[in-house]
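Written out below as structure tokens is the structure these notes cover.
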Amino acid sequence: MSEASAFDVRIVERRAPAPNHVELIVESRTLAQALPGQFCHVLTPGTLRRPISFSRLDPSADQAGLLLQVVGSGTEWLYQRRPREWLNVMGPLGRGFTPPEAGRPWLLLGGGVGIPPVYAAYAVWRSRAESAAVILGARTAAHLIMADDFRRLGSEPVLTTDDGSQGFQGTVIEPARAWLLEHPYAQVTACGPTPMLAALYQATQNHKGPVELALEQRMGCGIGACLACVVPAPAARYRRVCTDGPVFRREELVF
Ligand SMILES: Cc1cc2nc3c(=O)[nH]c(=O)nc-3n(C[C@H](O)[C@H](O)[C@H](O)COP(=O)(O)OP(=O)(O)OC[C@H]3O[C@@H](n4cnc5c(N)ncnc54)[C@H](O)[C@@H]3O)c2cc1C
Ligand code: FES
401 MSEASAFDVR IVERRAPAPN HVELIVESRT LAQALPGQFC HVLTPGTLRR PISFSRLDPS
461 ADQAGLLLQV VGSGTEWLYQ RRPREWLNVM GPLGRGFTPP EAGRPWLLLG GGVGIPPVYA
521 AYAVWRSRAE SAAVILGART AAHLIMADDF RRLGSEPVLT TDDGSQGFQG TVIEPARAWL
581 LEHPYAQVTA CGPTPMLAAL YQATQNHKGP VELALEQRMG CGIGACLACV VPAPAARYRR
641 VCTDGPVFRR EELVF
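Per the working numbering, numbering of the sequence shown is gapless, rising by one per residue and ending at 655.
Pasting the structure below:
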């Protein structure tokens, strides 16, 4: 079990990137030093915390971003927060993504609220990669977030939606499969809902490069104590998403 202490951070900016979504920029030297793919556990009314990934990391300004979609009472409470208010957080927690290796093409895949940590990885590490392709997917155009953020950094992401309301109709897996055939040694960085990651897991069975998947499992304590977040691992073992992940190498998981 890892030690983690809670502390307060001030909200300095509130953005509304899409209906039902909010991005809170908080001031914190500690959180700004996080690795893309790590998360912070934010206190919401009651005693429960909610895990949220970092959407932006700016150590020069001591700022980090938390972009979330409202799905229940905790995220609804966070949606209502305003600049100059405070959040109680634990973090940065968990294992982040591995930076892209020099000389290897890099594929970034983000689905729904899995897009923010993938964007953070791209923003921090894009200059290290030989080349980077970005594929973003969501249920509908209204759920497809951060495409403009990628464009501002010079990327032209491929977009997919389940209903075809923006980009290609379908999931990120079809364009990813085609791209990976052309780039068999590419490094893959992905975060999204479980069905997307399960499909990517299958699609990369014979892929020769490193594949990392960030899971969005439901959590309790966030620090390795309660086992609420365990997922199956090879050899009939289990792994805790909060401390062993949320980022896992493909070979560490079983879908
Ligand atoms: C490591 C990690 C990083 C995350 N990063 C983000 C992020 O950057 N942005 C973001 O919007 N969300 C993120 N999530 C998901 C977020 O934590 C949940 O949406 C949130 O905890 C829901 O709290 P709630 O009180 O609003 O909803 P609840 O009342 O707890 O649940 C409402 C509904 O959402 C479902 N739900 C709750 N938690 C999850 C989950 N983890 N995965 C799938 N369904 C869930 C419930 O089954 C229920 O149907 C992350 C989760 C993890 C584990
Ligand atoms: S959430 Fe408690 S062990 Fe992972």
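Glycine included, every Cβ here is placed at the ideal spot set by N, Cα and C.
Please read these numbers as outputs of a predicted model, since none were measured by experiment.
- Each of G446, V412, R650 was checked against the Cα of H607, and the nearest Cα belongs to R650.
- Selection A461, P593, G465, G496 evaluated against H543 yields P593 as nearest (Cα-Cα).
- Between the alpha carbons of A590 and P483 lies a distance of about 31 Å.
- Check the Cα spacing between G564 and each of A578, G537, L581: the tightest is with G537.
- A direct Cα-Cα distance of roughly 5 Å separates L435 from G496.
- Rounded to whole angstroms, L466 and P610 show a C-alpha spacing of 27 Å.
- Judged by beta-carbon spacing, L431 lies beyond the 7 Å limit of I452, meaning their Cβ atoms are not closer than that value.
- In terms of Cβ geometry, R481 and P500 do not form a close pair [threshold 7 Å].
- Under the three-state reduction of DSSP output, V412 falls in the strand class.
- Under the DSSP definition of a beta bridge, D458 partners with Q463.
- F497 sits in coil when the DSSP states are folded into three classes, being neither helix nor strand.
- In chain order, A432, A434, P436, A464, A520, V524 place their CB closer than 7 Å to the CB of L457, counting only its own chain and leaving out the 5 sequence neighbours on each side.
- Pairing P417 with S555, the inter-Cα distance amounts to about 18 Å.
- Listed in chain order, the non-local C-beta contacts of T475 below 6 Å within the same chain comprise L468, local neighbours out to five positions each way being set aside.
- In this structure, DSSP gives I623 a state outside helix and strand, which the three-state scheme calls coil.
- A406 and Q605 have their C-alpha atoms some 40 Å from each other.
- By the Cβ test, the stretch 615-622 is in contact with the stretch 640-650, since at least three Cβ pairs between them sit closer than 8 Å.
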